[in-house]
Structure formats: structure tokens, C-alpha cells
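Report on one structure; see the data block that follows.
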Amino acid sequence: MTDFSALVEEAHSAFANTQTPAELENAKALFLGKTGKVTELMKGLAALSVDEKKTRGAAINVAKQAIEAALQQRRQELADQELQAQLASEQLDVTLPGRRQSAQGGLHPITLAQERIEAIFASMGFDVADGPEIESDWFSFTSLNNPPNHPARSMQDTFYVDAVGADGNYYNLRPHTSPMQVRYAQAHVRKHGGDFDIAKNQLFAGDMPEIRVIAPGRTYRVDSDATHSPMFHQVEGLWIGEAVSFKDLKAVYLNFITQFFETNALKLRFRPSYFPFTEPSAEIDIMFESGPLKGRWLEVSGSGQVHPNVIRNMGLDPERYIGFAFGSGIDRLAMLRYGVSDLRQFFEGDIRFLSQFQ
Ligand code: PHE
């Protein structure tokens, strides 16, 4: 008998039934081990004739090699299986969504409004300046043609700081951004080589680039209701040159307001008013021609032609330099743009309110 294909078949299925390398090694022993079936067949050759040995021996060898090949194949299969199992257990699923921060922050609506304002004025060639919120009496009032003890000071319910500065000034939480008119203008004049000494009435009347600036920021007054908060925001505007007039103010402001509200369907009017630092002075009112606020005049800004005394305090000769200023409420503009009816909502920190602006 030289056909050992049944034995090879048996080994094949024995190997195939194993699930681990250890099981496979046990199965191997059944065929190729010391007392295994192939080994026993070899041992049986000893009793045969030389010719029988040759043919039967060769056939056993073929079967042995087939079994060894089957063993090797199964070893490889089990090793592959093991690797696959390991890979599967260590798999990193890159398709899983990342863990989000549960609450994402965003810019405050007042900041959004202020950034809009800055971008619009920057597009008209205005610089954007920042100034101190604790301000001296001189910059807040005196330099703005509002002398000590003048009744016009009581137009603003100012917070005073209970200390006198090294410069002999009383300090206050600035009640408006107007001190930035004189601060910025003085710095501008100096920057462009203008020498001045206000005390000696030595003023600059030479050439300099025009002053064109807005100064947004926080302002403070003793005031609190649905449309007033003790801390609020203003944006000061200032344009000083040699021939700057009210018509420029109107053009600039109309351009600003139509861009801010993204509509041409509004009207603008000047209403006579009084401020110590402008003459003539005017309130700026706007009226929407459509939408929920349609048909009502809404006050958005104080404004006027800068008073010659203020021009002087800037270090400039009012015989040569002239211009306009305005001061608008940023919170008011934001309320109108976003349809907010109570100013206090801006400052309560209620996430449900604030998240609507993200
Ligand atoms: N500072 C004024 C206010 O707070 C507004 C204003 C600014 C008016 C500039 C005229 C010119 O009411």
C-alpha cells in the first residue's frame, strides 16, 4: 500500500480543527511526533525488502512533506489570526467625533458692535485710539471748555475718584470719551513736529496731516435704568483739518450709519443742542424707513463743530484749524441693531441671552 492520501487528509483536518498554536503543536505530535503516525510508518519500513523500502519509503516521504506543508500553512494562519485579533483590539477609530467643549465662548454683542464701528471708520481713513478710563479733571472737563464750577459739568453725573493726582488734578471715571479728543490731538501735533505751550498760548499753526480718529471705550455715569447703565460705551469721533465742516460730519456719519445698519432706508437729522466743547452743537437722530422701528426719530449721538477753546487746548491755532467731533452710544447702537429692549441684558452675563449672538 503506497497511497497515504487518506493520512494526509486526516492531518489536514486535524490541523484545521486547532484554534491555537498550542493545540496545533499537539496535533502535530499525533502525526510527526516520536510515536506519531508518520514516524510509526517509517519504523515499519525496517522489516521490508530493499525494493519495498524504496517505493513505500518514497511514498511515506511525499505524505510527510505534505503533512509538514499543511502544518506550516496552519501555523501561518493561526499567527495571522492572532495578529488580526490584536490589531482589532488595539484599533484607534479615527472616525469617532472628537470631544467638544460643552460651551463655546464668543464675542460679546457690544464687542461685535464696536468691531463693526472700528472697521467702518477705518475704511474711511480714521485711526482707532484707546485711552484711560480713569481720567483727569483737566482732560474730562477743563480742556473741553468746561471750567471748574461751571454748571455744564452737572450735565454728567460723574464718579469722582477720592484722590488728587501727582499733577494736582482730581481724577474721575471718564463720563464720556471726549477727553480723547484733546489727548489724541496733542499727541498727533507733537508727533508731527508741532511745538506748543498752552499755558503760554504758543500754538501750532504749521502743516500737519489731518486728525481723523475714533476712540471707542467704556464710560461711567451715576445713572441706572432700562436704557442707562453706570458703565456704558461710547465712541468718540474727531476730524480736524483746515476746511472740515458740518457737511463732512453729515457725510461721514450718514455713511457710517447706513453701513452699520446695512440699509439705505434711513434718514438722519441734526437737532440743535448744547455741549461746552462744540459750537454749534447738535444731536444726531436717525429714523428707519422700514422695520420694527420705522418712523420714530432715535437719538444716537451728540456732535458739533469743535469749539475754538478746545482746538487751542489741542495745541492748535484755531485760526487755521477747524473740525467736528461726535460722541455716540455704542450700547444704544447695538440695542437698535440687535433689537434689544433692555440695556441691562448686555451686562447681566446670562448665557441664554449672550449665546444668541454667536
Ligand atoms: N461727550 C458728549 C456726551 O457724552 C457727546 C459729544 C461728543 C458731543 C462730541 C459733541 C461732540 O454726551
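Numbered by our numbering, the letters in the sequence shown go through residues 4 to 361 in order. Here a beta-carbon is modelled for each residue, glycine too, at the ideal position from N, C-alpha and C.
CB contact flag (residue i, residue j, <8 Å)
i, j, result
"G298", "F327", "no"
"A116", "A337", "yes"
"N148", "N312", "yes"
"Y223", "F278", "no"
"L346", "S232", "yes"
"L81", "P24", "yes"
"G109", "F360", "yes"
"A32", "T21", "no"
The alpha helix (DSSP H) enclosing residue i, as first and last residue numbers
i, result
"R119", "112-126"
"S16", "8-19"
"M338", "333-341"
"R315", "311-316"
"K57", "53-92"
"A190", "182-194"
"F144", "Per DSSP, F144 belongs to no alpha helix (DSSP H) and is neither H nor E."
"N175", "First-last for N175: 173-176, but that is the beta strand (DSSP E), not the alpha helix (DSSP H)."
"I201", "Segment: none, I201 is in no alpha helix (DSSP H) and carries neither H nor E."
"D165", "Looking at the DSSP string, D165 is not in any alpha helix (DSSP H); the run it does join, the beta strand (DSSP E), is 162-167."
Distance, residue j Cα to residue i Cα
i, j, result
"F34", "P100", "53 Å"
"T362", "S146", "Since the first and last residues shown for the chain are 4 and 361, residue 362 lies out of range."
"L27", "L95", "31 Å"
"A2", "G332", "Any property of residue 2 remains undetermined from this structure, which presents the chain solely from 4 to 361."
"F349", "H111", "8 Å"
"R78", "S8", "21 Å"
"W242", "F142", "18 Å"
"V309", "Q107", "45 Å"
"K270", "W300", "9 Å"
"G318", "F199", "5 Å"
"I113", "D334", "6 Å"
Exposed unless 16 or more other CB atoms sit within 10 angstroms - verdict on residue i
i, result
"F330", "It is worth fixing the name first, because residue 330 is Gly in this sequence and not Phe. It is buried - the Cβ of G330 has at least 16 other Cβ atoms within 10 Å."
"K37", "exposed"
"P178", "buried"
"Q237", "buried"
"D140", "buried"
"T98", "exposed"
"H153", "exposed"
"V167", "exposed"
"L51", "exposed"
"S304", "buried"
"V53", "exposed"
"V225", "exposed"
"S181", "buried"
"A254", "exposed"
"L86", "exposed"
Distance cut-off 7 Å: residue i Cβ against heavy atoms of ligand 2
i, result
"H310", "As presented, the structure is devoid of ligand 2, carrying ligand 1 as its sole ligands."
Unbroken beta strand (DSSP E) run spanning residue i, endpoints
i, result
"G240", "234-244"
For this session: State whether the stretch 202-218 contacts the stretch 129-143, with contact taken as three or more CB pairs (one from each stretch) at a distance under 8 Å.
Result: yes
Problem set entry | Cβ contact check for the stretch 258-270 and the stretch 286-295: 3 or more pairs under 8 Å | yes
Exercise. Touching or not, the stretch 179-188 and the stretch 198-212, by the rule of three or more beta carbon pairs under 8 Å?
Worked result: no
For this session: Kindly confirm or deny that the stretch 54-71 and the stretch 4-15 touch, where touching means at least three C-beta pairs closer than 8 Å.
Result: yes
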